[in-house]
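Chains as they are written, first to last, in the numbering used here: chain A, 2 to 150; chain B, 2 to 150.
In structure tokens:
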């Protein structure tokens, strides 16, 4: 029996990463990078843990994927990320020339679309896969944080 | 005698970093981060060495500065960088809330201005310090690379 790998399968793996971030008190965002149905990088937001604004899930996943491949381009790869990338991460994806970007929930405040950043013309974009699951995690985080203040 | 530290002094330090990049066969771009007249981070482009599109001088300098400060915000800090940041680096600077950005040469093709990215509203921007010195280094690199092909 051949296992079915689809965008939902891989986005679920990104959600698992977001859950790991949540368990560390980080804004729950996760990402995986896939090539030929194989996950070659997985990462979650670590900005608080590392005291580093550049430690977004996407940046860490790009670095790990390029390290795995031994090259600095991600053509042929797909990124699955639980929230629409910010302009920093869109800029990193631009340089990586990644083939596909799937994101779950839109970020209407700081997403690259509203901020006006540009992806590489070769990058195909899809959104909405497991959108609700991603949103639920984010809401959980922000409700918990509000109650602490 | 009190030493005079001015934007030229610090941009020269960024140029020194760019020269280090050049000596490694990297596109010669360097950056330093300064707080209260003290350099707390210096970095140069390492994208080829590390096989990592995210290893721009600015990203490495931000990570190092935040690590030094033990916090993820760079308010009160100035970055001196030899080329106008790209949208990835502008996005990282946005998150860092850095107070001042000085860049030497404009990047009319991939700079954040032409790409439409947004810096933090609290970040003041200056350009043109040691512009010619920065351009000369970049031209040196691209002429050498052209002759290799």
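All C-beta atoms in this analysis are idealised placements derived from N, C-alpha and C, irrespective of residue type, glycine included.
**Request:** Counting only runs of 3+ residues fully inside the stretch 50 to 86 of chain A, write out the beta strand (DSSP E) ranges in chain order.
**Result:** 78 to 84
**Asked** According to DSSP, what are the bridge partners of residue 31 of chain B?
**Response** Residue mapping note: residue 31 of chain B aligns to position 30 of the second chain, counting from 1. The partner list for residue 31 of chain B (beta bridge, DSSP) reads B:45.
**Request:** Give the residues from the stretch 107 to 126 of chain B that approach chain A closer than 7 Å (Cβ to any Cβ), ordered along the chain.
**Result:** 116, 117, 118, 119
**Asked** Hey, does residue 58 of chain B have any beta-carbon neighbour from chain A nearer than 7 Å?
**Response** Along the second chain, read from residue 1 onward, the residue named residue 58 of chain B stands at position 57. Residue 58 of chain B does not count as touching chain A.
**Message:** Counting only Cβ-Cβ distances shorter than 9 Å, please list the residues of the stretch 89 to 100 of chain A near chain B, keeping chain order.
**Reply:** 89, 90, 91, 92, 93, 94, 95, 96, 97, 98
**Prompt:** In terms of DSSP beta bridges, what is residue 13 of chain B paired with?
**Reply:** Locating residue 13 of chain B in the second chain gives position 12, counting from the first residue. DSSP lists no partner for residue 13 of chain B.
**Item:** CB contact flag (residue 112 of chain B, residue 85 of chain B, <7 Å)
**Value:** Position 111 of the second chain holds residue 112 of chain B. Position 84 of the second chain holds residue 85 of chain B. Closer than 7 Å, so yes.
**Request:** Kindly list, in the order they appear in chain B, the residues whose Cβ is closer than 8 Å to that of residue 33 of chain A.
**Result:** Position 32 of the first chain, counted from the first residue, corresponds to residue 33 of chain A. The premise fails here: residue 33 of chain A is roughly 17 Å from chain B at the closest Cβ pair, so nothing lies under 8 Å.
**Request:** Determine the burial state of residue 62 of chain B: buried for a count of at least 16 other Cβ atoms within 10 Å of its Cβ, exposed for fewer.
**Result:** Against the second chain, residue 62 of chain B aligns to sequence position 61. Residue 62 of chain B should be labelled buried.
**Message:** Can you confirm whether residue 72 of chain A, when its beta carbon is compared against all beta carbons of chain B, has any partner nearer than 7 Å?
**Reply:** For the purposes of this step, residue 72 of chain A is identified with residue 71 of the first chain, where counting begins at 1. Yes, contact with chain B.
**Contact residues within the stretch 78 to 89 of chain B, judged by C-beta distance below 8 Å to chain A** = If the cut-off is 8 Å between Cβ atoms, the stretch 78 to 89 of chain B has 87, 88, 89 near chain A.
**Item:** Residue from B:94, B:131, B:133, B:69 whose Cα sits closest to the Cα of residue 119 of chain B
**Value:** Start at 1 with the first residue of the second chain, and residue 119 of chain B comes out as number 118. For the residues B:94, B:131, B:133, B:69, the minimum Cα distance to residue 119 of chain B belongs to B:94.
**Item:** Cβ of residue 54 of chain A within 7 Å of any chain E Cβ
**Value:** Annotation note: the requested chain E is absent from the structure, which comprises protein chains A and B.
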